[in-house]
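Participant: Each residue of the sequence shown is one higher than the one before, counting from 37 in the working numbering. Take this structure first; my questions come after.
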Amino acid sequence: MPGTQLDRVFDGFDEEHQLDILRKVVEIYKLIQSYTLPETVRGYGGLGFDESGIIVTGPTTTPCSGPSSQFEDKTGIEMDYETASQVRKTSHPPQSLVHGDLNMYNMLYNPKSHCITAILVLDFAAVAAAADEYFYSPVRLKNLTKVGFKSVCWRGSTMTMCLM
């Protein structure tokens, strides 16, 4: 795959070019989150294959992370029975594909085409709530605050990065 690590060239771009890259990163987030998971993927956790090669939910590379059928089990929340009952009634975030390490070190950029050509390192990818991407990836997207990246916003059940 052609390209250079985005972190190596990003600081050399003018502000308009950096904003263009940021828009592309936001689109990548959107595409990852909107991917329709196969019906065989149930609950939260990593992805794997069963004996017949079908994609199924499996363990993740992070400790204590599934597979699990309940979101609170996946996140390791410990609570009393009454609180757990309330969480089960109200906490069913939609499954979302989460990269878990989406940062400029893991993106290849082609300076000739001005395109992000690859997303690398899927070691931490998992099926989780969309918010999990917020906890792991945006903090690693260095230098975006100077070009307008301020926060992560919610649009319905989908997380997006906001330009402010």
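All residues carry an ideal CB built from backbone N, CA and C; glycine is no exception. The model shown is predicted, which means the values in this text are computed figures rather than measured ones.
Under the assumption that VAL163 contacts GLY81 (Cβ atoms under 8 Å), give the Cβ distance between them as a whole number of angstroms.
Facilitator: For the purposes of this step, residue 163 is identified with residue 127 of the sequence shown, where counting begins at 1. For the purposes of this step, residue 81 is identified with residue 45 of the sequence shown, where counting begins at 1. So it is a contact: roughly 6 Å between Cβ atoms.
Participant: What is the residue span of the alpha helix (DSSP H) that ILE242 lies within?
Facilitator: The structure shown does not extend to residue 242, since the chain is modelled only from 37 to 200, so the question has no answer here.
Participant: Less than 8 Å between C-beta atoms, sequence neighbours within five positions excluded: which residues of the same chain meet that for VAL45?
Facilitator: On the sequence shown, position 9 is the one that residue 45 refers to. Excluding residues within five positions, the ones whose Cβ falls inside 8 Å are TYR145, PRO147.
Participant: To the nearest angstrom, report how far apart LYS186 and TYR141 are at their CA atoms.
Facilitator: Counted from its first residue, the sequence shown places residue 186 at position 150. Counted from its first residue, the sequence shown places residue 141 at position 105. Legend: pLDDT at LYS186 = 48, less than 50; position of this residue unreliable, value from coordinates given subsequently. Each residue's alpha carbon lies about 20 Å from the other.
Participant: Identify whether GLY79 lies in helix, strand or coil by the three-state DSSP scheme.
Facilitator: Counting from one through the sequence shown, the residue named residue 79 turns up at place 43. Three-state result, GLY79: coil.
Participant: Taking VAL134 as the reference, give the member of HIS150, SER149, ALA161, CYS151 with the closest Cα.
Facilitator: Translated into positions along the sequence shown, residue 134 becomes position 98. For VAL134, the nearest C-alpha among the options comes from ALA161.
Participant: Going along the chain, which residues of its own chain have a beta-carbon closer than 7 Å to the beta-carbon of GLY94, five neighbours each way excluded?
Facilitator: Walking along the sequence shown from the start, residue 94 turns up at place 58. The answer, listed in chain order, is GLY81, GLY82, LEU83, GLY84, PRO103.
Participant: Could you tell me the distance, in whole angstroms, from the CA atom of ASP86 to the CA atom of ASN139?
Facilitator: The count along the sequence shown starts at 1 and reaches residue 86 at position 50. The count along the sequence shown starts at 1 and reaches residue 139 at position 103. One C-alpha to the other measures close to 30 Å.
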